[in-house]
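Just so you know, we're using my numbering here: the sequence shown kicks off at 72 and counts up by one.
A virtual CB, placed ideally from N, CA and C, is assigned to each residue, including glycine.
A quick note: this is a predicted structure, and the numbers were derived from the prediction, not measured.
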Amino acid sequence: MKDWRIVSLNDLGEVNRGKSRHRPRNDPSLYGGPYPFIQTGDVKASQGLVKSYSQTYSEKGLAQSRLWPKGTMAITIAANIAETAILDFPACFPDSVVGFIPDERRANVRFVEYLFRHLRRQIQSENVGTGSVQDNINLQTIGALDLLVPPKKEQDRIAATLGALDDKIELNRRMSATLEEMARALYRSWFVDFDPVHARALGQPPAHMDPTIAALFPDSFGPDGLPRGWEREPLADHVRATRGLSYKGKHLCGSGDGVPLHNLNSIFEGGGYKDEGAKYYDGDFKPRHEIRPGDLIVANTEQSFGLELIGHAALVPFWTCHGLMPLL
Numbered sequence: 072m073k074d075w076r077i078v079s080l081n082d083l084g085e086v087n088r089g090k091s092r093h094r095p096r097n098d099p100s101l102y103g104g105p106y107p108f109i110q111t112g113d114v115k116a117s118q119g120l121v122k123s124y125s126q127t128y129s130e131k132g133l134a135q136s137r138l139w140p141k142g143t144m145a146i147t148i149a150a151n152i153a154e155t156a157i158l159d160f161p162a163c164f165p166d167s168v169v170g171f172i173p174d175e176r177r178a179n180v181r182f183v184e185y186l187f188r189h190l191r192r193q194i195q196s197e198n199v200g201t202g203s204v205q206d207n208i209n210l211q212t213i214g215a216l217d218l219l220v221p222p223k224k225e226q227d228r229i230a231a232t233l234g235a236l237d238d239k240i241e242l243n244r245r246m247s248a249t250l251e252e253m254a255r256a257l258y259r260s261w262f263v264d265f266d267p268v269h270a271r272a273l274g275q276p277p278a279h280m281d282p283t284i285a286a287l288f289p290d291s292f293g294p295d296g297l298p299r300g301w302e303r304e305p306l307a308d309h310v311r312a313t314r315g316l317s318y319k320g321k322h323l324c325g326s327g328d329g330v331p332l333h334n335l336n337s338i339f340e341g342g343g344y345k346d347e348g349a350k351y352y353d354g355d356f357k358p359r360h361e362i363r364p365g366d367l368i369v370a371n372t373e374q375s376f377g378l379e380l381i382g383h384a385a386l387v388p389f390w391t392c393h394g395l396m397p398l399l
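And the structure:
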């Protein structure tokens, strides 16, 4: 690593805040045109590469903003700070996002984005005092960060290797999402629409079902409309439910020094667990807030960047260690 050197982000390219000068920001005349408009939530949800958008600017919106080129790295500086992603198309974004356009002689933008992923926890722990969604950092903080970088050719090699791994992870994620959707469809068929019971009531074998499993379902319905012999019972009769506490402040720490806090960022929109969302805590905690592998966490509020999480759940995987449940 003798050729590696410490530089600032400003040394590697252009660093500037996004623009959204018009007030009020929600003026309808700003929106609905052909120009993609990316916000902090889009950056966080993108897994490193912004490939889609849900909002657009009109010509008026563009006039009070800026169209950043494809390949720009977006960095959030408000709400969920230090989240990064590379634009896969030209787009505008507000002043809660910083844009980095690399000098291609000095920087590989994908390498820089991976470097920021590595530094994210450090940036957040140094600049987040309360854990509030209102925490923020500024352009000067981002531009002046000390970054240890190799020569450009080595950046290219590292980015290519990590990119290949990322592509494999994304493929596995899509496969998992497909399997999850299939599991949901199967659950609905069996336990919401009662397709196997309807089939048996008609004297037909349930479609695509092993006879041994089919025999576990009743062949008729009771007067309440449920499969005969089935009952509705309160969930509380079968589970222990508790609400978490807001663990934050000076006891938030790095992953090697505490127990994970499974929180809103641990739940994918639509459900499912993501371990990169965990924070860590090294202070005292109440035993009733302890979460173990196999437990279910359920969101009862939204995240600040607008993902629809209420009611979505995640099963804490068996390969992770026990942790804590903050206020969800």
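CB-CB under 6 Å to ASP217, same chain, minus the five flanking residues each way: which ones, in chain order? Locating residue 217 in the sequence shown gives position 146, counting from the first residue. So the qualifying residues of the chain are ILE77.
Neighbourhood of PHE265 by C-beta, 7 Å cutoff - its chain only, sequence neighbours within 5 removed: Start at 1 with the first residue of the sequence shown, and residue 265 comes out as number 194. PRO298.
Going straight from the alpha carbon of TYR258 to that of PRO282, what length do you get? Locating residue 258 in the sequence shown gives position 187, where the first residue counts as 1. Locating residue 282 in the sequence shown gives position 211, where the first residue counts as 1. Going by the C-alpha atoms only, they are around 17 Å apart.
For a test of the three-state rule: what should DSSP assign to LYS141, helix, strand or coil? The residue labelled residue 141 in the question sits at position 70 within the sequence shown. If DSSP states are grouped into helix, strand and coil, LYS141 belongs with coil.
Report the residue ranges of all beta strand (DSSP E) runs contained in full by the stretch 295 to 377; include only those spanning at least 3 residues, in chain order. 330 to 332, 350 to 352, 367 to 369
In the DSSP assignment, what residue or residues form a beta bridge with GLY293? In the sequence shown, counting from the first residue as 1, residue 293 sits at position 222. Its beta-bridge partners do not exist; DSSP assigns none.
Please classify GLN205 as buried or exposed, where buried requires at least 16 other C-beta atoms within 10 Å of its C-beta. As a position in the sequence shown, residue 205 is number 134, starting the count at 1. With a pLDDT of 43 at GLN205, under the threshold of 50, the modelled position of that residue is not reliable, and no figure is offered here.
Among the candidates THR111, ASP98, LEU83, whose CA atom is the shortest distance from the CA of GLY89? Taking the first residue of the sequence shown as position 1, residue 89 is located at position 18. Nearest option by C-alpha distance: THR111.
Under three-state DSSP, which class holds ASN81? As a working mapping, residue 81 is identified with position 10 in the sequence shown. ASN81: helix per DSSP, three-state reduction.
Tell me whether the stretch 150 to 163 and the stretch 180 to 197 touch, counting them as touching only if at least three CB pairs, one residue from each stretch, are closer than 8 Å. yes
Which listed residue (SER291, LEU287, VAL263, ALA286) has its alpha carbon closest to that of LEU273: Locating residue 273 in the sequence shown gives position 202, where the first residue counts as 1. When only C-alpha atoms are compared, the closest one is SER291.
Alpha carbon to alpha carbon, how far is LYS122 from LYS115? Give it in angstroms, no decimals. Taking the sequence shown and counting its residues from 1, the one referred to as residue 115 is at position 44. Taking the sequence shown and counting its residues from 1, the one referred to as residue 122 is at position 51. So the two alpha carbons sit approximately 12 Å from each other.
Mind pulling the alpha helix (DSSP H) runs of 4 or more residues that sit fully within the stretch 199 to 268? 210 to 214, 223 to 262
In or out: GLY84 buried (at least 16 other Cβ within 10 Å) or exposed? Here residue 84 corresponds to residue number 13 of the sequence shown, with the count starting at 1. The residue is buried, with at least 16 neighbouring Cβ atoms inside 10 Å.
Within this structure, are the beta carbons of ALA149 and SER129 separated by less than 8 Å? Indexing the sequence shown from 1 puts residue 149 at position 78. Indexing the sequence shown from 1 puts residue 129 at position 58. The answer is no: Cβ separation not under 8 Å.
Nearest-angstrom Cα distance between ARG137 and GLN226? As a first step, residue 137 is located in the sequence shown; it is residue number 66 there, counting from the start. As a first step, residue 226 is located in the sequence shown; it is residue number 155 there, counting from the start. Spanning the two alpha carbons is a distance of roughly 29 Å.
Looking at C-alpha atoms only, which residue of PHE164, HIS383, ASP355, TRP301 is the closest neighbour of PHE339? For the purposes of this step, residue 339 is identified with residue 268 of the sequence shown, where counting begins at 1. Here the closest residue by C-alpha is HIS383.
For GLY89, does the three-state DSSP call read helix, strand or coil? Along the sequence shown, one-based indexing puts residue 89 at 18. It is coil, neither helix nor strand.
Determine the burial state of PHE164: buried for a count of at least 16 other Cβ atoms within 10 Å of its Cβ, exposed for fewer. Within the sequence shown, residue 164 is the residue found at index 93, counting from 1. Answer is buried; the Cβ neighbour count reaches 16.
Enclosing alpha helix (DSSP H) for ALA285 [first to last residue]: Here the question's residue 285 lines up with position 214 in the sequence shown. Where ALA285 is concerned, the enclosing alpha helix (DSSP H) stretches over 282 to 285.
Label ASP113 either buried or exposed according to how many other C-beta atoms from any shown protein chain fall within 10 Å of its C-beta, with 16 as the threshold for buried. Mapped onto the sequence shown, residue 113 falls at position 42. When all chains shown are included, ASP113 counts as buried.
Which same chain residues end up closer than 8 Å to ASP74 when comparing Cβ atoms and leaving out the 5 residues on each side of it in sequence? Start at 1 with the first residue of the sequence shown, and residue 74 comes out as number 3. These residues qualify, in order along the chain: PRO221, PRO222, GLU225.
Which value, in whole angstroms, describes the spacing of the CA atoms of ARG363 and THR143? The residue labelled residue 363 in the question sits at position 292 within the sequence shown. The residue labelled residue 143 in the question sits at position 72 within the sequence shown. Near 40 Å, if we compare the C-alpha coordinates of THR143 and ARG363.
According to DSSP, is PHE160 part of a helix, a strand, or is it coil? Mapped onto the sequence shown, residue 160 falls at position 89. Coil at PHE160, not helix or strand.
Terminal residues of the alpha helix (DSSP H) in which VAL114 lies: Locating residue 114 in the sequence shown gives position 43, counting from the first residue. 111 to 116 is the extent of the alpha helix (DSSP H) around VAL114.
Residues bridged to TYR102 by DSSP? On the sequence shown, residue 102 is found 31 positions in, with the first residue counted as 1. In DSSP, TYR102 forms a bridge with TYR128.
Smallest Cα separation from ARG177: which of TYR106, TRP261, ASN81? Sequence index remark: in the sequence shown, residue 177 carries index 106 (1-based). When only C-alpha atoms are compared, the closest one is ASN81.
Tell me which residues share the same chain as SER247 and place their Cβ nearer than 6 Å to its Cβ, disregarding the 5 neighbours each side in the sequence. Numbered from 1 along the sequence shown, position 176 holds the residue referred to as residue 247. Counting only Cβ-Cβ distances below 6 Å, and skipping sequence neighbours, we find nothing.
Expected contact under 8 Å - CB spacing of GLY170 and ALA145 to nearest Å: Taking the first residue of the sequence shown as position 1, residue 170 is located at position 99. Taking the first residue of the sequence shown as position 1, residue 145 is located at position 74. GLY170 to ALA145, Cβ: 6 Å. Contact.
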